[in-house]
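Trainee: Residue numbers for the sequence shown, in the numbering used here: 298 to 497.
One structure coming up, written as structure tokens, with questions to follow.
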Amino acid sequence: MNQQEFWNSKFSRDGYLYGLEVNQFIKYCYDNFKKSQKVLCLGEGEGRNAIFLAKKGYEVEAIDASDVGLNKLYEQSKLENVEVKTTCIDINNWEPEKKYGAILFTFMHLKIEELKILLKKVENSLKEKGFFVVEVFSKNQIEKNSGGPKDLELLYSVDDFKDNIKELKIHKLEEVIVELNEGTGHQGEASVIRLIAQKI
Ligand SMILES: C[S@@+](CC[C@H](N)C(=O)[O-])C[C@H]1O[C@@H](n2cnc3c(N)ncnc32)[C@H](O)[C@@H]1O
């Protein structure tokens, strides 16, 4: 089963798997993003972060492999009277054409070789002073049942980001225990990696 089939089947159920509330770490960071700039949400799924940012006045684009997830994002954006431009592709096939004021990456879990290539594209796609913000599960999440893949190869370490981000200034990079309350998909104590980096 490829990523699209896997996520389409998850998102085909009623409701929003990770809820409609913005992720708490994105809520904590977004105020630093320059107003009236483009924000790109990678692996955005059903769109909770994209819609939140569109409502705050940002010009938002979202990429995801799941057309079912992006259709739900579209339906919700209509209800909330905002626009989000969506692109349905496997992120490994993303060929960046624009520059963004911020790029977000929440809970998309890739193999390390895929992550390395993606990080390079992210670095090249940020405007000067643009932010890259990440919240993902760490390898220690393997022992927890609050969400995320049950595959160590798809979970991250701090070094996966530290060693492969070359052109951004890292303001924050840490592994922390948090309490997630995000739909039915992310519930309870979780081990996550949080990153805030900026193009200088
Ligand atoms: C756990 S969900 C997180 C969704 C969203 N970022 C959020 O925090 O609510 C993971 C998302 O990553 C997407 N995804 C996983 N692998 C992908 C890939 N190779 N290319 C594009 N999207 C991918 C899935 O379709 C899914 O929407």
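Note that the Cβ used here is the ideal one computed from N, Cα and C, for glycine as well.
Whose C-beta lies closer than 8 Å to the C-beta of residue 509 among residues of the same chain, with five residues either side of it excluded?
Mentor: The shown model of the chain, from 298 to 497, leaves out residue 509, and the question about it has no answer.
Trainee: Between which two residues does the alpha helix (DSSP H) carrying residue 372 extend?
Mentor: Segment 364-376, the alpha helix (DSSP H) holding residue 372.
Trainee: Using 7 Å as the cut-off, classify the Cβ of residue 461 as near or not near the heavy atoms of ligand 1, replying yes or no.
Mentor: No, ligand 1 has no heavy atom inside 7 Å of this Cβ.
Trainee: With residue 345 as the anchor, note down where its alpha helix (DSSP H) starts and where it stops.
Mentor: Start and end: 345-352.
Trainee: Please report the straight-line C-alpha distance between residue 470 and residue 316, rounded to a whole angstrom.
Mentor: Each residue's Cα considered, the two are about 26 Å apart.
Trainee: Is the distance from the Cβ of residue 494 to the Cβ of residue 465 below 8 Å?
Mentor: Yes, these two residues count as a Cβ contact at 8 Å.
Trainee: Once you ignore the five residues that flank residue 314 on each side, which residues in its own chain have a CB closer than 8 Å to its CB?
Mentor: Only 307, 308, 342, 343, 480, 481, 482 meet the Cβ criterion.
Trainee: Quick check: the Cα distance between residue 394 and residue 422, rounded to an integer number of angstroms?
Mentor: Distance between the alpha carbons of residue 394 and residue 422 is about 8 Å.
Trainee: Looking at residue 354 and ligand 2, is the gap between the Cβ and the nearest heavy atom below 7 Å?
Mentor: Ligands in the displayed structure: ligand 1; ligand 2 is not one of them.
Trainee: Report the residue ranges of all beta strand (DSSP E) runs contained in full by the stretch 378-411; include only those spanning at least 3 residues, in chain order.
Mentor: Segments of the beta strand (DSSP E) lying fully in the stretch 378-411: 381-385, 397-403.
Trainee: Start and end of the beta strand (DSSP E) containing residue 462?
Mentor: Taken as a continuous stretch (DSSP letters only), residue 462 belongs to no beta strand (DSSP E), as it is neither H nor E.
Trainee: Is any heavy atom of ligand 1 found at a distance shorter than 7 Å from the C-beta of residue 363?
Mentor: For ligand 1, at least one heavy atom lies less than 7 Å from the Cβ of residue 363.
Trainee: Between 388, 334, 396, which has its C-alpha nearest residue 414's C-alpha?
Mentor: Taking only the C-alpha atoms, the option nearest residue 414 is 388.
Trainee: Would you say the beta carbon of residue 310 comes nearer than 7 Å to a heavy atom of ligand 1?
Mentor: False, no ligand heavy atom lies under 7 Å from that Cβ.
Trainee: Just checking my contact of residue 492 with residue 431 at CB under 8 Å: how many whole Å lie between their CB atoms?
Mentor: Contact holds; Cβ gap of about 4 Å.
Trainee: Using the beta-carbon count (16 or more within 10 Å), is residue 405 buried or exposed?
Mentor: Under this definition residue 405 is a buried residue.
Trainee: Less than 7 Å separating the Cβ of residue 412 from some heavy atom of ligand 1?
Mentor: Every heavy atom of ligand 1 is 7 Å or more from the Cβ of residue 412, so no.
Trainee: Is residue 486 near residue 447, with beta carbons less than 8 Å apart?
Mentor: Going by C-beta atoms, residue 486 is not nearer than 8 Å to residue 447.
Trainee: Nearest by alpha-carbon distance to residue 433: which of 303, 378, 310, 322 is it?
Mentor: When only C-alpha atoms are compared, the closest one is 322.
Trainee: Distance check for residue 355 and residue 333, CA to CA, integer angstroms please.
Mentor: Between residue 333 and residue 355, the C-alpha separation is close to 6 Å.
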